[in-house]
């Protein structure tokens with residue numbers, strides 16, 4: 059099935075009433091979650107995962123993905139109107155977005171952000187159609203050594219690119235890998251680190267860990283503030299139309315942001331956040347008036363808002379074509395597929411086309427729904443912010459508790475939720491990004507399995523494993539990114555005394 | 225001691241304990257790795273990173289560490305502590321008193337501590353406990369503990 063034929067089939071799947079409703083619910087919930095500071099898309103996806111158990115896998119995936127990219131849309135609203143980013147991917151938007159609000163151009167900023175997100179989502183869907191199919195064709199030829207290299211390389215890249223120091227990122231990778239070894243050994247079925255617990259033999263469930271790190275931890279931060287209500291600026295519908303000049307100034311940043319976002323999304327790491335910084339820096343560089351950025355430039359809203367949505371789409375490529383998630387949000391999507399008995403990977407496109415193409419088409423429909431939802435309903439979404447934070451925090455905690463329990467009807471999952479919630483809170487206080495832990499927890503078992511298979515194939519020779527052409531190429535990039543910057547710093551430091559001496 | 229140093233020492237100590245546990249598992253050989261092979265690698269990695277983090281926290285970057293450690297004022301800190309204690313209490317009491325009562329108690333006590341009035345806290349507690357019980361136990365068919373009732 060070619061990409062266009064596949065997309066047509068996907069639309070037939072995504073436009074069924076059930077899937078359309080799932081898409082609508084997903085983007086609606088995602089937008090609300092994006093608007094609310096403190097509750098990110100990952101926490102919301104983890105929270106709603108149990109409610110998708112009874113759904114068809116395609117429907118579940120469509121709804122969960124809708125939450126993810128819906129949150130990217132919603133996050134911009136609070137950045138622009140309240141100067142508070144709804145989620146991390148909208149931090150850059152507030153630099154110019156809030157300044158536009160202060161100048162009475164909030165409506166124009168919101169409209170450009172929504173259109174930019176729609177365009178980026180569309181570019182992203184086209185990118186997924188071609189990139190995922192191509193990568194899946196290539197990945198069919200991958201063996202355990204290549205998969206081992208991808209998981210190892212992904213973790214190294216994520217550690218380097220995450221917003222945390224490299225030492226902290228490696229600490230979290232170690233914790234994630236260690237937690238991932240708990241349970242039954244995949245080869246010998248020997249129980250490891252279970253301390254006699256039958257429930258632990260199944261391993262540590264991903265969802266309570268994510269709910270704890272993202273949901274509970276964020277709510278504990280909200281709890282610090284007690285009873286608080288946000289002050290929200292009001293926007294009238296007639297103020298939503300940008301001027302002709304504003305449209306013209308936004309067109310190129312939207313196009314550049316979309317491409318930058320999609321390409322950044324392909325790289326392991328906090329792509330949605332990273333892409334906004336790259337897109338913003340790029341706009342500043344190409345602008346004739348870079349000094350005006352931060353004072354209410356519409357380019358400073360258009361580019362990052364397009365980039366974070368493009369990155370959301372880009373992050374789906376390794377998940378759908380290789381079955382490897384490089385971010386906590388895609389890890390939840392992987393978890394949803396696995397719970398439904400599916401293993402994403404190169405064969406999923408040909409064996410389960412309704413899942414892959416239905417999902418791709420639903421992203422297009424979801425982006426369109428968001429465009430028509432977000433502009434007229436911006437006032438309604440913002441009014442959600444008037445809900446007292448302490449009530450919201452308490453209700454979210456309760457939903458986390460009952461959601462975690464409902465996964466396996468297990469008290470163990472509740473304890474895991476609370477332990478990782480407290481750990482996540484401590485990480486936030488240290489300003490450490492928990493995503494390396496989540497990705498290591500997801501990739502750890504795959505890494506162990508492929509490493510053991512690879513060593514069996516190469517009869518225990520690490521050199522043979524790493525010297526396979528594809529493995530070497532895959533590992534060269536992260537290794538260069540990892541050792542490149544310190545090596546350059548060292549070379550510069552060595553060069554400096556010589557220059558001084560010569561002078 | 226700063227949180228930075230606690231994290232570093234915890235990693236080192238945790239890595240060492242994990243290594244002891246991992247070494248008790250069958251290691252196998254490089255050509256036929258056993259169940260302990262990968263955990264041992266992870267434990268060695270954790271110990272190495274824990275060592276580097278400890279050196280950085282105590283010797284290299286003590287100034288950065290102290291700058292990062294922003295002590296929380298007593299009132300917000302007590303709100304967080306109460307929230308954590310209530311979470312733990314929910315987990316501990318759920319099998320004994322059942323979901324509806326545990327949920328209502330959790331919501332009422334937490335809301336009250338976070339600054340809600342008694343009436344608002346009680347009303348929200350009853351509505352949220354009943355609503356979530358109906359959603360999960362009836363609509364999603366999750367067998368939530370009902371307690372002795």
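Residue numbers (the working numbering), protein chains in the order written: chain A, 59 to 561; chain B, 225 to 373. Every residue gets a Cβ at the ideal spot worked out from N, C-alpha and C, and that includes glycine.
Can you tell me whether residue i is buried or exposed, with buried defined as 16 or more other CB within 10 angstroms of its CB?
i	result
residue 301 of chain A	exposed
residue 358 of chain B	exposed
residue 333 of chain A	buried
residue 439 of chain A	buried
residue 362 of chain B	exposed
residue 276 of chain A	buried
residue 462 of chain A	buried
residue 347 of chain A	exposed
residue 263 of chain A	buried
residue 244 of chain B	exposed
residue 447 of chain A	buried
residue 635 of chain A	This structure leaves residue 635 of chain A out entirely; chain A is present only between 59 and 561.
residue 386 of chain A	buried
residue 157 of chain A	buried
residue 553 of chain A	exposed
residue 489 of chain A	exposed
residue 253 of chain A	exposed
residue 355 of chain B	exposed
residue 474 of chain A	buried
Quick check: the Cα distance between residue i and residue j, rounded to an integer number of angstroms?
i	j	result
residue 307 of chain A	residue 357 of chain A	7 Å
residue 449 of chain A	residue 335 of chain B	7 Å
residue 476 of chain A	residue 314 of chain B	10 Å
residue 416 of chain A	residue 111 of chain A	18 Å
residue 602 of chain A	residue 150 of chain A	The structure shown does not extend to residue 602 of chain A, since chain A is modelled only from 59 through 561, so no value can be given for it.
residue 224 of chain A	residue 496 of chain A	16 Å
residue 155 of chain A	residue 360 of chain A	9 Å
residue 233 of chain B	residue 277 of chain B	8 Å
residue 362 of chain A	residue 517 of chain A	49 Å
residue 630 of chain A	residue 195 of chain A	Outside the modelled stretch of chain A, which goes from 59 to 561, sits residue 630 of chain A, for which no answer is possible.
residue 506 of chain A	residue 257 of chain B	10 Å
residue 307 of chain B	residue 301 of chain B	10 Å
residue 220 of chain A	residue 193 of chain A	25 Å
residue 82 of chain A	residue 467 of chain A	29 Å
residue 429 of chain A	residue 238 of chain B	49 Å
residue 270 of chain A	residue 550 of chain A	43 Å
residue 420 of chain A	residue 267 of chain B	43 Å
residue 249 of chain A	residue 532 of chain A	33 Å
residue 242 of chain B	residue 339 of chain A	43 Å
residue 397 of chain A	residue 117 of chain A	13 Å
residue 173 of chain A	residue 515 of chain A	51 Å
Which residues of chain B have a Cβ atom closer than 9 Å to the Cβ of residue i, listed in chain order?
i	result
residue 209 of chain A	Near residue 209 of chain A there are no residues of chain B at all, since even the closest Cβ is about 12 Å away, more than 9 Å.
residue 305 of chain A	Near residue 305 of chain A there are no residues of chain B at all, since even the closest Cβ is about 44 Å away, more than 9 Å.
residue 479 of chain A	308, 311
residue 460 of chain A	323, 327, 356, 357, 359, 360, 366, 368
I'd like to confirm the pairing. Which residues does DSSP put opposite residue i in its beta bridges?
i	result
residue 563 of chain A	With chain A covering only 59 through 561, there is no way to say anything about residue 563 of chain A.
residue 249 of chain A	A:242
residue 252 of chain B	B:257
What residues from chain A crowd round residue i, counting only those whose CB sits closer than 9 Å?
i	result
residue 304 of chain B	278, 279, 281, 282, 483
residue 273 of chain B	225, 228, 229, 231, 232
residue 239 of chain B	232, 236
residue 300 of chain B	281, 282, 283, 284
residue 372 of chain B	None at all; the shortest Cβ gap to chain A is about 17 Å.
residue 231 of chain B	226, 229, 484, 485, 488, 490
residue 296 of chain B	282, 487
Give the residues of chain A in contact with residue i, contact being defined as C-beta atoms less than 8 Å apart.
i	result
residue 312 of chain B	476
residue 278 of chain B	Ordered by position in chain A, no residue passes the 8 Å Cβ test against residue 278 of chain B, which lies about 10 Å from the chain.
residue 335 of chain B	448, 449, 452
List, in chain order, every chain B residue whose beta-carbon is nearer than 8 Å to that of residue i.
i	result
residue 486 of chain A	Here the premise fails: no neighbours, minimum Cβ distance about 11 Å.
residue 263 of chain A	Result: empty, since nearest Cβ-Cβ is about 15 Å, beyond 8 Å.
Listing by chain order, which chain B residues have their CB less than 7 Å from the CB of residue i?
i	result
residue 456 of chain A	327, 330, 331, 352, 356
residue 563 of chain A	Past the boundaries of the shown model lies residue 563 of chain A; chain A is included only from 59 to 561, so the question cannot be answered.
residue 509 of chain A	262
residue 513 of chain A	254, 255, 257
Under 7 Å Cβ-Cβ, which residues of chain A neighbour residue i?
i	result
residue 242 of chain B	236
residue 263 of chain B	239, 250
residue 269 of chain B	232
Going along the stretch 213-242 of chain A in order, which residues come within less than 7 Å of chain B, judged by CB to CB distance? Those residues of the stretch 213-242 of chain A placed with their C-beta closer than 7 Å to a C-beta in chain B are 225, 228, 229, 232, 235, 236, 239, ordered along the chain.
Near-chain A residues of the stretch 342-366 of chain B (beta-carbon distance less than 7 Å), N- to C-terminal order: Taking 7 Å as the Cβ-Cβ cut-off against chain A, the residues of the stretch 342-366 of chain B that qualify are 348, 352, 356, 360, 364, 366.
Taking beta-carbon pairs under 9 Å, can you tell me which members of the stretch 246-261 of chain B lie near chain A? When CB distances to chain A are screened at a threshold of 9 Å, the residues of the stretch 246-261 of chain B falling below it are 246, 249, 250, 252, 253, 254, 255, 256, 257, 258, 259, 260, 261, in chain order.
Near-chain B residues of the stretch 96-112 of chain A - C-beta to any C-beta below 8 Å: Contacts with chain B (Cβ-Cβ distance below 8 Å) from the stretch 96-112 of chain A involve 108, 109, 111, 112, listed in chain order.
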